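Going line by line, the protein sequences match chains Y, X and G.
By the working numbering, the letter at position 38 of the first sequence is numbered 714, and the numbering carries on one by one without gaps.
By the working numbering, the letter at position 240 of the second sequence is numbered 244, and the numbering carries on one by one without gaps.
By the working numbering, the letter at position 455 of the third sequence is numbered 1586, and the numbering carries on one by one without gaps.
Ideal placement from N, C-alpha and C gives every residue a C-beta, glycine not left out.
The structure presented is a predicted model; accordingly, all values stated were derived computationally and were not measured.
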Amino acid sequence: MNYQPQDFLPIFVQLAAALAFIVLVMVLTHALGPKRHSAKKDDSFECGIESIGDARTPISVKYFLVAILFVLFDLEIVFMYPWAVNFKQLAWNGFYEMIVFMGLLLAGFIYVIKKGILTWEK
Amino acid sequence: MTAIIALSLFGISNLFLGFWFPRKTIQLVTLLFLVVSMALTVSDWNHELLWFGNMFRTTNTSINFSLIIQLAAFFVVAFSKAFGQDDEHTHPAEYYAIMLFSVVGAILMVSFDHMIVLFVGLEILSVAMYVLTGSDKRNLRSNEAAIKYFLMGSFTTGFLLFGITLVYGATRSFYISNIGTILTTTAPESMPSFLFIGVLLIIVGLLFKVSAAPFHFWTPDVYEGAPTIFTMFMSTIVKTASFAALFQLVSGIFGSLYTVWVLPVYFISMLTLVVGNISAVYQQSVKRMLAFSSISHAGYLILTVSSKQISTTSSILYYSLSYTLATVVAFAVLILVSEYQSARVEKPENFSSFEGLAKNNPGLALCFSISMLSLAGIPLTAGFWGKFFIFSDTFSRNIIYPVILAILMSAVGIYYYFKGIIAVYLKAGEIEKIEVPTLFKMALWACTLGTIILGIYPSLVKSVF
Amino acid sequence: MSLLFILFFPLVIGAILLVAKPKQAFAISLIASIIELVATILVLKDAATAENGLVFTKPWIEEAGISFSLWVDGVNGILIGLCALMVPFIVATTANSDKANNSQYQGLMLAMQTALMGAFLAKDAFLFYFFFEASLLPIYFLAAIYGGENKNAITFKFFVYTLFGSLFLLIGLIYVYLVTPGSHSSDIETLYQTATMLPERIQGNLFLAFFIAFAIKMPIFPFHTWQPDTYTVAPTQATMLLSGIMLKMGTYGLIRLVLPMFPLGIITWGNTAIILSVIGIIYGSVIAIQQKDAKRLLAYSSFAHVGLMSAGILSQSLEGIQGALYQMLSHGINIVGLFFIIEIIERRTKSREIAQLGGITQYSYVLTVAFVILSLGSVALPLTNGFIGEFLLLKSVFDHDMIIGIVAGISIILGAVYTLRLIQKTMFGNFSRITKDFEDLSAAEKWVLIPLCAFVILGGVYPTWILNFTEPGVQALVSLLK
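Given below as structure tokens:
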């Protein structure tokens, strides 16, 4: 198993091909497609409804908190899959480690609840 | 090793303590936690062991570094006063917890035996610092500082990671000890050329964290924008940890590649010395001056790192300790004075707000002056011996011109440190007696005494290092 | 132990004064400095009888081979004596002034004494350096807190300038220290052995590094620009400490470190250094002649005197070193007395302008006599202490190079010109508006001036016992040079 840099050449070829395709398609669409400008056409598409104001309005930070917390706990569940698959081989040792992991998660969860982050109206 | 587990648990319990106890209690408890973790760190003394799948190594050197880091954290916690106006909106418990977590990261950085542990440690430390930098939420400068620090920091973390990957590609190992053996047993000519790029990238990634020029542009703004207490944290703990890591890598495993990195490192150290010292001269704000002073001290330390002597470890340890003791005092007095002046003058962190401090606050003035003297490297203070050991190390490798530059620059350093002393003692100003909390006062005197004792009898710690 | 006592006793008392701020600061400080003087005399008596001088050694930074070692031999004995002798007088000059019971002022003076003693006593090169730099702190604060007009900028220049110079000394010391065999040692005698082995080019560079440091301290032309301003702006006692004792750290460093360590370096650069010193003599004297401010005049005269000492030392002869040591002692005594006289005049008339003064002799006879005696000592008239030193120094310079010797000899004439002009303009002639009804000397002032004048005469009439005391040490040193 002694890789030389040139062994990675196919990967670079693939990368180049992928990039080239994107560039090609973008250039082609611009070159071939008809161009008709109007106020309606240049407007951002919002299901046919006329857009109002700026899209970059501030959103309540609570959305972000919930979203981030969701991602956190969601991702941590992912760790349980490989553990479950290898449950037998990892044996008790794996079990204890998972308990510690879940314990820390649980502590975090309790903290989040106690801190009142999930209560929407405050 | 148990210290990092303990500190993590302490940090989590700190979060919960915040629900029931006021800030003062949590502060005391955090101090207690740090004392416990220091005791646990000491218990590993003289047991060279590998932990966590051989990824974490405790040696006496790493223990010394961890102790300096925890001592610095101890003082920072002791110097922390109310974070902003009211405790309810500033979450003191969380700040203490984050500090403890970042200490865990710093300890990982000083005792890693695996590149990934270095990376994880650095990230734990850095992410905590990004948060703490921006913790003064209603202050625009603090927010700007946090964003700046985060963007620059994550960018250079990429450098570090890329460097680690390249080194892994060349040596097929993440383990420090393995990489070291491979590099010493293989002739450099037979190594792939990207190894050298990798080594330099790792060095650059770490040099960013110690704010060496030309990677220092974030430092003054971030130091100035962050709440002073966290600037204190940054300039001591982040520095010490990053230097320990840099030193272990550069003169440990990359020691055989000396010729590859030595010229860039010289160049960087000289540039850092010049940029740090010359820019510091022009600062009106004490906080910014201390930021540039921390850059210039990084220059001295990089110089030692490049000297690669047997005694270098102990020199770096000694320098870090003396620098830490002096810096925390300088920042602590800055906290008190700027707090007092914030209602009275427009720019409470300027030298001008220190004027006349000695009249009604002789104790504070003395502590501040001694810390300035120590930073300037005047005899009777720890800073003198720190510089002495560094120059002596560097000299024994026959590195002449950088040392001469360093000496010239330390003469420049005297200029701006003395601006502080002159403001305190010789300028007239109206500062009434400033109330200092007991704990704060005790920590202040402990650091000052430490500086003087180390200045008179450096063997006290030098024999341990 | 006795060495430790004379080293740390002033510091302890000084620290007490600084911290406790007692009301009777003057009395405490005066008594302490007298105790120090007595103790030092006892130590010197021991040293004179002891076979190889007194030595005290304790490990300090063992890992690096740096020790806390002190010694007394003929060379530094005289400087320790000077330091112990002058401080009581300097303290006494504050009597009845606003500084007398200022415990901070007195405390800093005593702290300064420890630093000076330490530099003279040190047997370890780094210990020497440690005190050499540490002495800057008390003197800086003395001058910067109590100084006159524009003190911040001037004292700051002084501090940075001298510290900058001593950093060169540090580089040089570290270099020599790293050459020492084994786990290194910074004992001065070990450094002698290793440094002399170094090749000529390196010795030359090291000589320059050391010489710059000491030249700034003394000061030697062209490193003197800090000196007149600092001497003028500092309070009189600080000026006395600076010119009377601290300046001698530079000349002492030349004798103790530079001569025995870099014989080859002196071959390369010695002549240049001597020429610079002699330029300083002439330059200082010429400028002194034109001074309007009496204190500034004395500052330049001190600059001129130290140039001759340096030239004599660098001539590397027994007479030169003996003369320099003797001249250090007499210059210390004379300059302290002269600065005190200027201070006395300034206290009464609020002026140091030579043009505004005159006719004081009509009101104070004793002051005039004291001024004349001290000035003649400074001019080096026979039968005064200055004569012995200057004679030996000039002889050594003359032996070294006749032309340089002749040029240096002119300094005596120039010295006479500015000193006598100073006396004449201030003491004699008609009294002016401000010297009218000049108050006669108080008892305390007499008690300072009369013993100093006695020393001037005594040193001129009976120099042998001091020269005999220094001779063995200097002999040993000179034998190293051969």
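Answer yes or no: do M236 of chain X and F23 of chain X have a C-beta to C-beta separation smaller than 8 Å?
no
Beta-carbon spacing of S300 of chain X, L277 of chain X below 8 Å:
yes
Taking all protein chains shown into account, decide if G1443 of chain G is buried (16 or more other Cβ within 10 angstroms of its Cβ) or exposed.
buried
Chain-ordered neighbours of Y1306 of chain G on chain X, where CB pairs are closer than 8 Å:
F399
At least one CB of chain Y closer than 8 Å to the CB of L199 of chain X: is that the case?
no
Check whether V1417 of chain G and L1545 of chain G have beta carbons under 8 Å apart:
yes
Are the C-beta of I16 of chain X and some C-beta of chain Y separated by less than 8 Å?
yes
Name the residues in the region 1326 to 1339 of chain G whose C-beta lies less than 9 Å from a C-beta of chain X; which are they?
none
Could you give the first and the last residue of the continuous beta strand (DSSP E) run that contains I438 of chain X?
Segment: none, I438 of chain X is in no beta strand (DSSP E) and carries neither H nor E.
Just grab the DSSP bridge partners of K1189 of chain G for me.
G:F1199
Distance between I128 of chain X and G779 of chain Y (C-alpha atoms, nearest Å):
20 Å
CA nearest to the CA of G1184 of chain G, picked from G:G1604, G:I1221 and G:W1357:
G:G1604
Beta-carbon separation of I111 of chain X and T244 of chain X under 8 Å?
no
What are the boundary residues of the alpha helix (DSSP H) that includes L1329 of chain G?
It is not in any alpha helix (DSSP H) - L1329 of chain G carries neither H nor E in the DSSP assignment.
What residues from the region 772 to 794 of chain Y come within 7 Å of chain X, judged by C-beta to C-beta, listed N to C?
A783, Y787 and K790
Throw me the rounded Cβ distance for the L329 of chain X and V428 of chain X pair, which I believe falls under 8 Å.
At roughly 19 Å, the Cβ-Cβ gap does not stay under 8 Å, so L329 of chain X and V428 of chain X are not in contact.
Once DSSP output is grouped into helix, strand and coil, what is the label at N58 of chain X?
coil
According to DSSP, Y179 of chain X sits in a beta bridge with which residue or residues?
X:H118
Roughly how many angstroms separate the alpha carbons of P1330 of chain G and M103 of chain X, rounded to a whole number?
55 Å
Between the region 1183 to 1197 of chain G and chain X, which residues of the former have CB atoms less than 7 Å from a CB of the latter, in chain order?
W1191, I1192, E1193 and E1194
Proximal chain Y residues relative to F23 of chain X, where beta-carbon distance stays under 7 Å
K790
Identify, in the order they occur along the chain, each residue of the same chain with its Cβ nearer than 7 Å to the Cβ of I1414 of chain G, setting aside the five sequence neighbours on each side.
For the sequence presented, residue 1414 of chain G should be read as Tyr rather than Ile. Taken in chain order, the residues that qualify are F1352.
Could you please give the first and the last residue of the uninterrupted alpha helix (DSSP H) stretch that includes C371 of chain X?
P366 to A380
Are the beta-carbon atoms of E353 of chain X and S289 of chain X separated by less than 8 Å?
yes
Is it buried or exposed, K1230 of chain G, if we count other Cβ atoms within 10 angstroms and call 16 or more buried?
buried
Assign K1282 of chain G to buried or exposed, taking buried as 16 or more other Cβ atoms, counted over all protein chains shown, within 10 Å of its Cβ.
buried
Under 8 Å between the Cβ atoms of P1269 of chain G and A1246 of chain G?
yes
Would you check if the region 1485 to 1493 of chain G and the region 1557 to 1575 of chain G touch, i.e. whether three or more CB-CB distances between them fall below 8 Å?
yes
Cβ of K1288 of chain G within 8 Å of Cβ of W1357 of chain G?
yes
So I1276 of chain G contacts chain X; which residues on that side make the cut at Cβ distance below 8 Å?
Y429 and L430
Which value, in whole angstroms, describes the spacing of the CA atoms of T6 of chain X and L458 of chain X?
29 Å
Below 8 Å between beta carbons is the criterion; list the residues of the region 435 to 466 of chain X that meet it against any residue of chain G, in chain order.
Y461, P462, S463 and K466
Got a sec: which bits of the region 1133 to 1166 of chain G sit with their beta carbon under 7 Å from any beta carbon on chain X, in order along the chain?
none
Would you list the residues sitting across from E1484 of chain G in a DSSP beta bridge?
G:D1424
CA-to-CA distance, F219 of chain X to A767 of chain Y, given in whole angstroms
49 Å
Whose C-alpha, out of G:S1317, G:G1208, G:M1533 and G:A1501, is nearest the C-alpha of W1578 of chain G?
G:A1501
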